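Those letters in the sequence shown? Residues 305 to 628, by the working numbering. Positions of the beta carbon are idealized from the N, C-alpha and C atoms, including for glycine. Every value quoted in this text rests on a predicted model; they were computed, and no experiment measured them. One structure below.
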Amino acid sequence: MRIAIALLLGMLASAGAQAADPIALAFPVRCELGTTCFVQSYVDHDLSKGSRDYQCGSRTYDGHDGTDIRVLDLGMQRSGVEVLAAASGRVAGARDGMSDISVRSIGKAAIAGKECGNGVVLDHDNGWQTQYCHMARGSIRVKTGDRVTEGQPLGQVGLSGETEFPHLHFTVRLAGAIVDPFAFGPALDSCKSGGRSLWARALDYRPRDVLNYGFSAVAPTMELIESGDIKNNPPNRQSAALVAYIRVIGLQKGDEQSLTIQGPDGLFAEYAAPALESNKAQYFISSGKARKASAWPPGNYAATYRVTRNGAELLRKMFDIQLD
Ligand SMILES: [Zn+2]
């Protein structure tokens, strides 16, 4: 009897392991995570109206069923960032031809039923599937039925379908059900519940990330930062303004930010933002001055950005510029 039960349990265990045989995923974008690309949103682990990521954090939104990997700005997207097959498999479907344009400009009706935009679906062994969305028009390099190998370029990151910023929406499914590649195993309605990563290499969870930062001769706007055009306005000693800016993702309600610039003659400019009243998917602040004298003093201008909560520092970024 005991032997029979042991055998039965053994069979169940092996059947379970087979059904859930984990896949190992390569990172699906050719970029350096944390430097040139960032996870903007994880899979939603709250099946009701709220939202929470696999770490019980706020880096997701209600109903989000994939991982959003964003690049620095539109300039980087236009330069061509490759989307890569996360694992070997066969192309189950592909679409190209949709415009690279923010859904804010064209509206949801224009992309109804094609929210993924230009994209690719790959079938892998054991019922695993990966999907790649919002890719660049004219960039799709594979067609239905093609065999692909892990790391093979499928196309490029774009701005097609239901998206407002250049990113890859990456979906993982097992037997048709959504899987969070950062936390495979437990039910999707739980967080911090011991799921295992499917990524072939360790990927850290970071509640907040700095995307863009620098100095500018013009007043920064979100549009200038998102387009990358802010970088076309570097300051010099004769600039009408000298401003430091920084854009961060994942800021949370209650976060306090400051941006201070030390110039050659001491404190140059300082801005302390009020504590945030809500979570922010992305946010930027700036600090600086308009020129009154004939030229800015020559030397080094060093910016320090800090995020604090109740006096505890959560994030710090320092950057500087030399004006001669
Ligand atoms: Zn997404």
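- For C495, collect the residues of the same chain with a Cβ closer than 6 Å to its Cβ; drop the 5 residues on either side in sequence, then sort them by chain order. H349, R356, Y358, C360
- Message: Report the CB separation of A521 from A594 in whole angstroms; it is logged as a contact under 8 Å.
- Response: Going by Cβ atoms, the distance from A521 to A594 rounds to 11 Å, so no, they are not a contact pair.
- Item | Of the listed residues A506, V347, Y587, K535, nearest to A491 (C-alpha basis) | V347
- Assigned exposure category for M439 - 16 Cβ within 10 Å defines buried: buried
- Message: Can you look up E574 in the DSSP assignment and give me helix, strand or coil?
- Response: strand
- Pull up the DSSP beta-bridge partners for P457, would you. L388
- Message: For R394, report the span of its beta strand (DSSP E) as first-last.
- Response: 393-399
- Query: When the Cα atoms are used, what is the spatial distance from S464 to Q586?
  - Reply: 20 Å
- Mind checking which residues open and close the beta strand (DSSP E) that includes R477? 471-478
- What are the start and end residues of each continuous beta strand (DSSP E) run of 3 or more residues lying completely inside the stretch 326-383, in chain order? 341-345, 371-375
- Should G462 be listed as close to ligand 1, given that the test is whether its C-beta is under 8 Å from any heavy atom? no
- Query: Per the contact definition of three or more C-beta pairs closer than 8 Å, is the stretch 498-518 in contact with the stretch 455-463?
  - Reply: no
- Residue range of the unbroken beta strand (DSSP E) whose run includes V425: 422-427
- Closest by CA to V452, which one among A487, E466, D427, V476? D427
- Message: With distance defined between alpha-carbon atoms, name the residue in V395, S383, K353 nearest to Y365.
- Response: K353
- Message: Since C341 and R374 should fall inside the 8 Å C-beta cutoff, what is the C-beta to C-beta distance between them, to a whole number of angstroms?
- Response: 6 Å
- Task: Whole angstroms is fine: what's the gap from S531's alpha carbon to L378's?
- Result: 5 Å
- Is the stretch 554-563 close to the stretch 573-591, with three or more CB pairs under 8 Å? yes
- Query: By DSSP, does I410 sit in helix, in strand, or in coil?
  - Reply: helix
- Verify whether the separation of the beta carbon atoms of P470 and M380 is less than 9 Å. yes
- Query: Taking the alpha-carbon positions, what's the Q542 to D628 distance?
  - Reply: 10 Å
- Query: Of the choices T475, F519, F486, T525, whose alpha-carbon is the least far from that of A506?
  - Reply: F486
- Message: Just to check my reading of the structure: I415 and P539 have Cβ atoms closer than 8 Å, yes? What is that Cβ distance to the nearest angstrom?
- Response: The Cβ separation is near 39 Å, so there is no contact.
- C-alpha gap between A599 and Y605, whole angstroms: 14 Å
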